[in-house]
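J.:
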Amino acid sequence: MTAHPSPYRPTRTTWIVGGMTAALVLGIAAGEASGWPFLRQPLENAMTRAAAVPVQLQGAVKLHLLWRPRLEVEHLRIASDPRFEVPHLLDARRVTLAWGWGDVWRWRRGERMRIEALQADELDAHLVRSADRSANWQLGADPAPKDPDEDDFAGLPRFGSLTVGQGLIAWTDVVQDVDMKIQLQGREGETVSAQRSGYEAVFSGRYRALPVKLQVQAGGTLPLLQDADAATRAPWVPMRVEGSVASSRLLFDGQAAALLGTPRLQGALQFKGPSLAAVGKPLGITLPETPPFDLRGELQHEGGAWRLQASRATIGSSRLRGDLLYDRRTQPPRLSGLLAGPKLALADLGPAIGTRGPAAAEPNSSGRVLPQRRFDLPSLKAMDADVQVNIDEVDFGTEKMASLRQLQTRLRLQAGVLRLEDLQAVVSGGSVKGLTQLDANASPARWEARLDFAGIDLAGWLRGLRPASAPGDAPAATATKALKREREQARQGGDQPVQAYLTGVLSGNLQVRGEGRSTAEILSTLDGPLNLRLRDGTLSYLATEAMGLDVAQALGVVIQGDRPLPLRCARFDLVARQGVIEPTLAVMDNQDSTVWVTGQVSLRDESLALRVVTRPKDWSPLSLRTPITVKGTLGKPDVGIEAQGLAGRVLGALALGAAVGPAAALLPFIEQGREGAADPCNPPAVAAAAPAPAPAPKKP
Numbered sequence: 000m001t002a003h004p005s006p007y008r009p010t011r012t013t014w015i016v017g018g019m020t021a022a023l024v025l026g027i028a029a030g031e032a033s034g035w036p037f038l039r040q041p042l043e044n045a046m047t048r049a050a051a052v053p054v055q056l057q058g059a060v061k062l063h064l065l066w067r068p069r070l071e072v073e074h075l076r077i078a079s080d081p082r083f084e085v086p087h088l089l090d091a092r093r094v095t096l097a098w099g100w101g102d103v104w105r106w107r108r109g110e111r112m113r114i115e116a117l118q119a120d121e122l123d124a125h126l127v128r129s130a131d132r133s134a135n136w137q138l139g140a141d142p143a144p145k146d147p148d149e150d151d152f153a154g155l156p157r158f159g160s161l162t163v164g165q166g167l168i169a170w171t172d173v174v175q176d177v178d179m180k181i182q183l184q185g186r187e188g189e190t191v192s193a194q195r196s197g198y199e200a201v202f203s204g205r206y207r208a209l210p211v212k213l214q215v216q217a218g219g220t221l222p223l224l225q226d227a228d229a230a231t232r233a234p235w236v237p238m239r240v241e242g243s244v245a246s247s248r249l250l251f252d253g254q255a256a257a258l259l260g261t262p263r264l265q266g267a268l269q270f271k272g273p274s275l276a277a278v279g280k281p282l283g284i285t286l287p288e289t290p291p292f293d294l295r296g297e298l299q300h301e302g303g304a305w306r307l308q309a310s311r312a313t314i315g316s317s318r319l320r321g322d323l324l325y326d327r328r329t330q331p332p333r334l335s336g337l338l339a340g341p342k343l344a345l346a347d348l349g350p351a352i353g354t355r356g357p358a359a360a361e362p363n364s365s366g367r368v369l370p371q372r373r374f375d376l377p378s379l380k381a382m383d384a385d386v387q388v389n390i391d392e393v394d395f396g397t398e399k400m401a402s403l404r405q406l407q408t409r410l411r412l413q414a415g416v417l418r419l420e421d422l423q424a425v426v427s428g429g430s431v432k433g434l435t436q437l438d439a440n441a442s443p444a445r446w447e448a449r450l451d452f453a454g455i456d457l458a459g460w461l462r463g464l465r466p467a468s469a470p471g472d473a474p475a476a477t478a479t480k481a482l483k484r485e486r487e488q489a490r491q492g493g494d495q496p497v498q499a500y501l502t503g504v505l506s507g508n509l510q511v512r513g514e515g516r517s518t519a520e521i522l523s524t525l526d527g528p529l530n531l532r533l534r535d536g537t538l539s540y541l542a543t544e545a546m547g548l549d550v551a552q553a554l555g556v557v558i559q560g561d562r563p564l565p566l567r568c569a570r571f572d573l574v575a576r577q578g579v580i581e582p583t584l585a586v587m588d589n590q591d592s593t594v595w596v597t598g599q600v601s602l603r604d605e606s607l608a609l610r611v612v613t614r615p616k617d618w619s620p621l622s623l624r625t626p627i628t629v630k631g632t633l634g635k636p637d638v639g640i641e642a643q644g645l646a647g648r649v650l651g652a653l654a655l656g657a658a659v660g661p662a663a664a665l666l667p668f669i670e671q672g673r674e675g676a677a678d679p680c681n682p683p684a685v686a687a688a689a690p691a692p693a694p695a696p697k698k699p
């Protein structure tokens, strides 16, 4: 027979182990169901030791350690270090505190504590930080180090969400220059109508030296704090924000998932105020000083990135629009996107480049006309930027100069270097191309520009060249046709009226650099060449004779009417050396005369020392030809003549008149002229044709 094994029978040890396991499971289940009441005091003691300040758990307390670990407390109070002189750090009622054991494990290994959720029906908190960077939220026997580069709230736990029904949060921070109070009020429940349910928050006080007062209305319980890990899971809540930041007015109407920390929101925005710079400063955004602005558009924020889709932005007389992204997740923060619009008035950006707005062309109290106001160079290092700019019209703010059209450029700001790359624009039938750069890292800051321009109708661009009776602005195509028509009539010797004293198609280039902390300082150190050419142009007959003081021919022009003379050539080769601009060749030549310009313009002291010499090609019976001088300053130029040369002619006339007779007195004033002179714009002929330069004035 085959023997069968006897059935297994548990031993006594097995029964004991099983019983203990069952008892443990039942005990844990009972503890979870009852909220572990016997752990209340040990938990309070442990929290006090960890925080290094008294922590009190009052009233009903329930603790859940397994499924969704959390602590429910009727009244939670966390004291503040006495040296901060506030009644407590936190006093909250009907509190639910939730966490994850993984977060606790990482906290024990040295990472910052993260709390899944903190919800309180009532809350009163006082957050204080002193000048030495110590803060009452830096809990523990060994608080967070006071590193200037550390997180502003290092030592304070990160919250997946912090939701408050009603209460008060007082935040005083000497380091951030903040003194803010946040008052919260909630209305919900069976006794509250649906129209009146929701929450309100009032932010009042000072934020980074700017007074702030904002009223927030939410259609439901809106988390006050939300970190990036939980932001995408937060539910949307209708929200309206209205109030003031300094002297700017703000209205936001949309929805949000948090207010502070890592907010998540989207909605319509209306924002108006006296200057964009005041708005950007508290946000850490580099924005220029501007006239009053009015902004309308859509605002979104998620994951630390702000996006503004501006359908209308009025800044002074400028009208713009844009789609811009400001990303604070990078270091430094970065602005990117598109800025466009029908019009940009340079006067609206005047304060940003050191002028005083539209009137900046007038001399200031010191007599200077160049902008003296210093740039805000540190702000160029506060962020990076990459913005495409497309502007239909750039208005220079004066009727004497035509606007730029179809401006396109790429604005790049990286590591303190501001560049306008791939710059191109249309002006009076021609074009401007190039780039500019300002390096704020150098001391003093370095600026450079490389520009090429071609095909520009000079009289169409510089309207000040037109007589008062001449027609004003005209489209580029019309101006070009008028230029060709005037040129052809000048060749044919017609008697048509002059449309402009000087016309032609302008081309040239410049490659200059300077350094300084303002526009005036940069120009006072300007170095580099500037080259200009004028072709297919005309020069007013009256202007030609006036520059040469040819009285007889000028009187004839006045009687018969002015007419344009075709320009044989016009060339201006200039060079800047330490803010002093001197012509190496500056000449205009037509069938009547050749006009030379020598001397210098100093941008260091804004002084003028120019000499204009006109050499005729025709005979004239009454000429007082003598060099014309332009002295004084940019703000107050002084136009005169060289009296020495004119006095010689007058004395000679008096001597001949006395010796020979009255008719002989006219001989010194007769100009013979020189026909067939060499082309003065041709460099090989310049040395032979150019007049001797005037003695250079002493440099400042």
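The sequence shown runs 0 to 699 under numbering that gives the first Met the number 0.
Where is the CB? At the ideal position from N, CA and C, for every residue including glycine.
For a cutoff of 8 Å on Cβ pairs, would you count residue 585 as touching chain C?
T.: The question asks about chain C, but that chain is absent: this structure has only one protein chain.
J.: Can you list, in chain order, the residues of its chain whose CB lies under 6 Å from that of residue 118, leaving out five sequence neighbours each side?
T.: Excluding positions up to five away in sequence, the list reads 95 and 162.
J.: Just to confirm, are residue 75 and residue 62 a CB contact at a threshold of 8 Å?
T.: No, they are not a contact pair.
J.: Would you call the CB atoms of residue 388 and residue 434 closer than 8 Å?
T.: Cβ atoms of residue 388 and residue 434: not closer than 8 Å.
J.: Look up residue 100 in the DSSP assignment and say whether it is helix, strand or coil.
T.: Note: residue 100 maps to helix in three-state DSSP.
J.: Residue 518 to residue 436, Cα distance in whole Å?
T.: Between residue 518 and residue 436, the C-alpha separation is close to 13 Å.
J.: Taking the alpha carbon of residue 522 as the reference point, which residue from 501, 575, 263 and 461 has its own alpha carbon closest?
T.: The residue with the shortest Cα to Cα distance from residue 522 is 575.
J.: For the beta strand (DSSP E) containing residue 25, list its first residue and its last residue.
T.: From DSSP, residue 25 is part of no beta strand (DSSP E) but of the alpha helix (DSSP H) over 11–33.
J.: For residue 77, I'd like the list of residues in its chain whose CB is within less than 6 Å of its CB, leaving aside the five on either flank, ordered along the chain.
T.: Excluding positions up to five away in sequence, the list reads 54, 88 and 89.
J.: Between which residues of its own chain and residue 17 is the CB-CB distance below 6 Å, once the five residues before and five after are set aside?
T.: Excluding sequence neighbours, residue 17 sits near nothing in its chain.
J.: Are the beta-carbon atoms of residue 729 and residue 454 separated by less than 8 Å?
T.: The structure shown does not extend to residue 729, since the chain is modelled only from 0 through 699, so no value can be given for it.
J.: Taking just the CA atoms, how far does residue 79 sit from residue 171?
T.: Distance between the alpha carbons of residue 171 and residue 79: 14 Å.
J.: With H, G and I counted as helix, E and B as strand and the rest as coil, what does DSSP make of residue 401?
T.: Of the three classes helix, strand and coil, the one that applies to residue 401 here is coil, per DSSP.
J.: For residue 508, which of helix, strand or coil comes out of DSSP?
T.: Note: residue 508 maps to strand in three-state DSSP.
J.: Evaluate residue 680 with the Cβ neighbour count: other Cβ atoms within 10 Å of its Cβ, from every protein chain shown; 16 or more gives buried, anything less gives exposed.
T.: That one is buried.
J.: Would you mind stating whether residue 251 and residue 323 have Cβ atoms separated by less than 8 Å?
T.: Not in contact: residue 251 and residue 323 (Cβ atoms no closer than 8 Å).
J.: Can you tell which of 390, 594 and 598 has the C-alpha that lies nearest to the C-alpha of residue 345?
T.: Closest by alpha carbon: 390.
J.: What residue from 64, 604, 248 and 596 has the CA that sits closest to residue 101's CA?
T.: Nearest C-alpha to residue 101: 64.
J.: What is the DSSP secondary structure of residue 459, reduced to helix, strand or coil?
T.: In the structure shown, residue 459 sits in a helix (DSSP, three-state: H, G or I).
J.: Assign residue 36 to one of two classes, buried (16 or more other C-beta atoms within 10 Å of its C-beta) or exposed (fewer than that).
T.: That one is exposed.
J.: Tell me whether residue 44 is buried or exposed, calling it buried when 16 or more other Cβ atoms sit within 10 Å of its Cβ.
T.: With fewer than 16 other Cβ atoms within 10 Å, it is exposed.
J.: Beta strand (DSSP E) containing residue 62: first to last residue?
T.: Per DSSP, residue 62 belongs to the beta strand (DSSP E) from 54–63.
J.: Per DSSP, what kind of secondary structure is residue 436 in: helix, strand or coil?
T.: In this structure, residue 436 counts as strand in the three-state DSSP scheme.
J.: For the beta strand (DSSP E) that contains residue 754, what are its first and last residues?
T.: Lying outside 0 to 699, the shown extent of the chain, residue 754 is not represented and no answer is given.
J.: Using the C-alpha atoms, what's the distance from residue 627 back to residue 566?
T.: Going by the C-alpha atoms only, they are around 21 Å apart.
J.: What distance in whole Å lies between the Cβ atoms of residue 294 and residue 267, which are believed to be in contact at a cut-off of 8 Å?
T.: Not really, about 11 Å apart at Cβ, beyond 8 Å.
J.: For residue 323, write down the residues that DSSP places opposite it in a beta bridge.
T.: Residue 323 is bridged to 307 and 336.
J.: Buried or exposed: residue 330, going by 16 or more other Cβ atoms within 10 Å of its Cβ?
T.: By the 10 Å Cβ count, residue 330 comes out exposed.
J.: Cβ of residue 83 within 8 Å of Cβ of residue 135?
T.: It is a contact, given that the beta carbons lie within the stated cut-off.
J.: Would you kindly work out how many angstroms separate the C-alpha atoms of residue 384 and residue 240, rounded to a whole number?
T.: Distance between the alpha carbons of residue 384 and residue 240: 28 Å.
J.: Taking C-alpha atoms, which residue in 400, 424, 536 and 256 lies nearest to residue 460?
T.: Selected option, being the one with the closest Cα: 400.
J.: Could you round the C-beta distance between residue 379 and residue 334 to whole angstroms and report it? I think they count as a contact, below 8 Å.
T.: Their Cβ separation, rounded to whole angstroms, is 12 Å, which puts residue 379 and residue 334 out of contact at 8 Å.
J.: Am I right that residue 272 and residue 306 are in contact with their C-beta atoms under 8 Å? What's the rounded C-beta distance?
T.: The Cβ separation is near 20 Å, so there is no contact.
J.: Tell whether a beta-carbon distance below 8 Å holds between residue 614 and residue 597.
T.: No, Cβ-Cβ distance for residue 614 and residue 597 is not below 8 Å.
J.: How is residue 274 classed by DSSP in three states: helix, strand or coil?
T.: Correct three-state label for residue 274: coil.
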